[in-house]
Every structure is written in structure tokens, then in C-alpha cells.
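Chains as they are written, first to last, in our numbering: chain A, 541 to 713; chain B, 3 to 293. From the three backbone atoms N, C-alpha and C, an ideal C-beta is built for every residue, glycine too.
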Amino acid sequence: MQITVSVNGESHVRDVEPRLLLTHFLRDELRLTGTHWGCDTSNCGACVVRLDGVPVKSCTVLAVMADGAEVTTVEGLAHGRTDADLDPVQEGFMVCHGLQCGFCTPGMMLTSRALLDRDPAPSAATIREAISGQICRCTGYENIVRSVQWAAAKEAATRDAADADTDSSEALA
Amino acid sequence: MQVPAQFEYHKATSVDDAIALLTRHGPESFVVAGGHSLLPMMKLRLAEPETLIDINGLDELATVTVESDHVRIGAMVRHSALLSSPVIAEHFPIFTDAERLIADPIVRNRGTIGGSLCQADPSEDLSAAFSAMRATAVIRGADGEREVPVREFHRGPYETAVAHEELLVAVRVPIRPASGSAYAKLERRAGDWAVASAGAMLRVDAGTVAEVGIGLSAVGAAHFVAPEAEEYLRGGPASDEAFVEAGRISAAHCSPSADQRGPVDYKRHLAGELTTRVLRRAARRSRGEEA
Chain A
541 MQITVSVNGE
551 SHVRDVEPRL
561 LLTHFLRDEL
571 RLTGTHWGCD
581 TSNCGACVVR
591 LDGVPVKSCT
601 VLAVMADGAE
611 VTTVEGLAHG
621 RTDADLDPVQ
631 EGFMVCHGLQ
641 CGFCTPGMML
651 TSRALLDRDP
661 APSAATIREA
671 ISGQICRCTG
681 YENIVRSVQW
691 AAAKEAATRD
701 AADADTDSSE
711 ALA
Chain B
3 MQVPAQFEYH
13 KATSVDDAIA
23 LLTRHGPESF
33 VVAGGHSLLP
43 MMKLRLAEPE
53 TLIDINGLDE
63 LATVTVESDH
73 VRIGAMVRHS
83 ALLSSPVIAE
93 HFPIFTDAER
103 LIADPIVRNR
113 GTIGGSLCQA
123 DPSEDLSAAF
133 SAMRATAVIR
143 GADGEREVPV
153 REFHRGPYET
163 AVAHEELLVA
173 VRVPIRPASG
183 SAYAKLERRA
193 GDWAVASAGA
203 MLRVDAGTVA
213 EVGIGLSAVG
223 AAHFVAPEAE
233 EYLRGGPASD
243 EAFVEAGRIS
253 AAHCSPSADQ
263 RGPVDYKRHL
273 AGELTTRVLR
283 RAARRSRGEE
293 A
């Protein structure tokens, strides 16, 4: 069956078997191996991607269900930027040691990005709830929570700076 | 690597189209909604549909609407949408309570109300919550719609009143002024199925229980309800002693099975304790003492 899926802003047309799972479509067909394939039973969350903006476990979505949809994977988090210019969530994970082995990291970062998009200042409890469907066996989650808080603080500072710029230009005008 | 067996795939363009596809492809065609029960079963080859009919595109089934004295919840409403719905939180906090504890936030983004009910897992939470609310399932076939009380919807584990060439399209929940509802569940860890869970709906009139619904899940209660406890409460005082006694009756009449989540006596104890707690909370909510 022919499907057209936009992944990280780029449109892909492929002929796939209906039984192909979205994880394997991304990894094997498109060679985007940043999406990890973990438990295969929708428990671990290593395979989380955004489907039309909504975080989903891609091991439990058929590729054909993504026909016509917009998918964002970890490769798209810093899309359109240079290698050094990361998404604040990625920076947070780096600065706060939000990962050790890194297996859960792509899913954790996509869920965190989606969380910050709807709640720019989440509490630690809200962050823990948001990632409660994802398993990390290294960090004990502490550093993941700190990483997301770091990203939230950075984005808040960026917004404040932008507001200050607007204020000062208004003052000049 | 878990791979489903091969199947033919069709995207339904409307409810009528889904019913026509089910009719055309026969008994080995399955409807897929969120897919978070069916796809894992297909991977394990516990389900091997020859044809899959995808109803994810049916946005007309994904709405929560107030219709005079009831709320109509479309079958394709995702768990996350039910959880965040202000209409639901206002009229039926039982669903908000339950949805916080169903699977995990990512699974809730995909799983649907209709899918949960039609999967009819004996540990499923919404079946107990809808039963407590005495809701009605709306089922559509080629000849039109019919309504079945949710308390008659489940025919046994994984079996429902929906015939092969029919589709569950919505659930209607009556709005009861001056009533309260609540849900509680004990799970081993976030996202797990219940060890035991209970839901309650109460309408109290001058200190007397005018209407009551008690739902139980994961403890082997037939049709997910505790009719003996409801019978005991109805017409009697809405007192703490009565709620404790109703819990005792619930526990005595359910029939849990021992499994990795616990032995029978433990689950029976939980069924009673959770019943009492949700009745207390529903009563407080009916008096406006708690959101």
C-alpha cells in the first residue's frame, strides 16, 4: 500500500505492507534510527514520536495509519538549525546529565518537548506524570526532571529577553 | 521482534462505510481504533484479522457534546480528551478520576473510549465507571441505531453486545443535578492494570440515597457492578456507616481471581475499601464540598 508521510518536514512516499509498524518504517525504510525500538509492547516509551504533534508510541501505530500525517522524530528536534544549535530540551539533557546509556532519551525528549509546548512552566510532579509511560533504567528520573526544568527556565529567559526587547523598542518609538 | 500476521487494510470514510466494509469482509474483519489493545494482540498472534478497518479518520465520533439532560461521548474520543474535558470534569468527575489512572499519558493520547469498552477486558476501568453512571451505549448497524444500557453491554470477558456488522458510536451519560461521582484504583505501578478498582455515583435527597451506582473492575464482578450494595444503600441514609457496610457487601459479592497482582482475600479487601472511599467522595462532591 502506498503511503505519504511527512517526517521532520520532509515528505516520503513508500510502498509498505499494512502490518509494518511506524517504528520500523522510520528506522528501516527511512533509516532514521534515532527512534528506538524497545519493549515492542507499548510499555517502555523508547519509540515515542509525535504524530501530528501528539506523542505516541510508534511500536503500536501502523505506518499506514500515519498516511498523510506529520511525524516528528528526535532527528527533527533541532530541525533547521546547525548541529551546535540544539533544542533547549536537548541542551537541558546535556547540561543536567539527563541520560546515561541514552536508550530512552529520544522518547523522553519528544515527550518533554510536547509537554513544554503546552505547559511552559511544569512542576516536577507534572514532568514526572508526563514521562510516566516511559522507562529509564539509568538515571532514576531525577536528572531527566532537572533537564526538563532547565529547558523550561531557558525558554522562559529567552521569552523575557524578547519581551524586554519589544518594551525597549516601544520606549524608543 | 513481534510482527502481526498479514492483513488487508481499509480506512473507513464514514460510519456507514465502516459498517459496509465489515459486512463485505465478513467475520475475520476487525475494526481498529487506537489500536493499543488490538495491535499488541496481533503481534502476539492472539488476534489474526484478515482485514483491518481503520476508523481513526472518523472525526464525527470524536466529540463530547451536551444534549439536554445527558452528555454524548463519541466512541473515538481519546482517553486524553476525556481527561482534559471541562464538561466531563463538571458533570462526571468519576471519568476524570479514572482517566488519570488509565494506562499512561502517551497511551492515553491514542487509546479511545469506544475501543476500551469494546475490548471488554475484565480489568478495564471505564466499563466500571460507565456502569456506575448507568450510561447507555449507542450502537449503529445498517438498519440504524439502537441503545443498550452499559450494564447489559458486556456479555463476558472480551465479549460485548456489539454484533459483527455493527459499530459502537457513542456512550450517553445522564446528567443528574445534585449528584456526585468518584473513581479509585489501586495499581502496582503507573500505567498498570488495576489490582482492584471501584467507581460510585450518588444522588442524595435530604440525607437519603435517591440514586446510586457502584462499579467494580478487576475483581470478577458480573457486568462490572455491585447490585447488592446498591440495593442496600438505595432509600437509606447517606451516612458513613452505610458506606462502610456497602463496601462490606461489595467485597462479599465480588469474585476476584488470584494472579500476579495479588491473592483473592487481598483483592476482596480492596474492593470493599475502595467502594467505601468512592462513596464517601461521591457524597462530598454531591454536597459541593469537593471538586
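Check: Determine the direct distance from the alpha carbon of A/Gly593 to that of A/Asp659, and round the result to whole angstroms.; Outcome: 14 Å
Check: Below 8 Å on C-beta distance, what does B/Pro42 contact in chain A?; Outcome: Thr581, Ser582 and Thr600
Check: For the beta strand (DSSP E) that B/Asp230 lies in, which residues bound it at each end?; Outcome: Rather than Asp, the amino acid found at residue 230 of chain B in this sequence is Glu. Here B/Glu230 belongs to no beta strand (DSSP E); instead the alpha helix (DSSP H) covers Pro229 to Leu235.
Check: Nearest to A/Cys644 by alpha carbon, out of A/Phe565, A/Asn683 and A/Gln689?; Outcome: A/Asn683
Check: In three-state terms, what does DSSP make of A/Asp659?; Outcome: coil
Check: If you reduce the DSSP assignment to three classes, tell me which class B/Tyr185 lands in.; Outcome: strand
Check: When the cut-off is 8 Å and only beta carbons count, does B/Asp261 lie next to chain C?; Outcome: Considering every chain present, this structure includes no chain C. Its protein chains are A and B.
Check: Does the beta carbon of A/Gly680 sit closer than 8 Å to a beta carbon anywhere in chain B?; Outcome: no
Check: Give the straight-line distance between the Cα atoms of B/Gly264 and A/Gly616, rounded to the nearest whole angstrom.; Outcome: 44 Å
Check: Taking one C-beta from the region 254–272 of chain B and one from the region 213–233 of chain B each time, how about it: are there three or more such pairs within less than 8 Å?; Outcome: yes
Check: Give me the chain A residues within the contact set of B/Val5, using Cβ-Cβ distance strictly less than 7 Å, ordered along the chain.; Outcome: Arg559
Check: Could you tell me whether the Cβ of A/Ser687 comes closer than 8 Å to any Cβ of chain B?; Outcome: no
Check: Among B/Gln8, B/Asp18 and B/Glu292, which one has its Cα closest to the Cα of B/Asp145?; Outcome: B/Asp18
Check: What did DSSP end up calling B/His38 once you bin it into helix, strand or coil?; Outcome: coil
Check: Note down, in chain order, all residues in the region 110–124 of chain B with a beta-carbon under 9 Å from any beta-carbon belonging to chain A.; Outcome: Arg110, Asn111 and Arg112
Check: Mind pulling the chain B residues with CB within less than 8 Å of A/Met541?; Outcome: Tyr11
Check: Using a Cβ-Cβ cutoff of less than 8 Å, which residues in the same chain neighbour A/Pro646 once the five nearest sequence positions on both sides are dropped?; Outcome: Gly574, Thr575, His576, Ala586, Val588, Thr613 and Val614
Check: Could you spell out where the beta strand (DSSP E) holding A/Val556 opens and where it closes?; Outcome: Run containing A/Val556: none; DSSP gives neither H nor E here.
Check: Pick helix, strand or coil for B/Ala284, following the three-state DSSP scheme.; Outcome: helix
Check: Quick check on DSSP: helix, strand or coil for B/Ala172?; Outcome: strand
Check: Chain B partners of A/Val553, CB-CB under 7 Å?; Outcome: Here the premise fails: no neighbours, minimum Cβ distance about 17 Å.
Check: Say whether the region 160–175 of chain B touches the region 70–84 of chain B, bearing in mind that this needs 3 or more beta-carbon pairs closer than 8 Å, one atom from each stretch.; Outcome: yes
Check: Is there at least one Cβ from chain B nearer than 8 Å to A/Pro662's Cβ?; Outcome: no
Check: Quickly, what does DSSP pair A/Val685 with across the bridge? List them, please.; Outcome: Answer by DSSP bridge pairing: none, since A/Val685 is not bridged.
Check: What first and last residue would you give for the alpha helix (DSSP H) that runs through B/Ile90?; Outcome: Pro88 to His93
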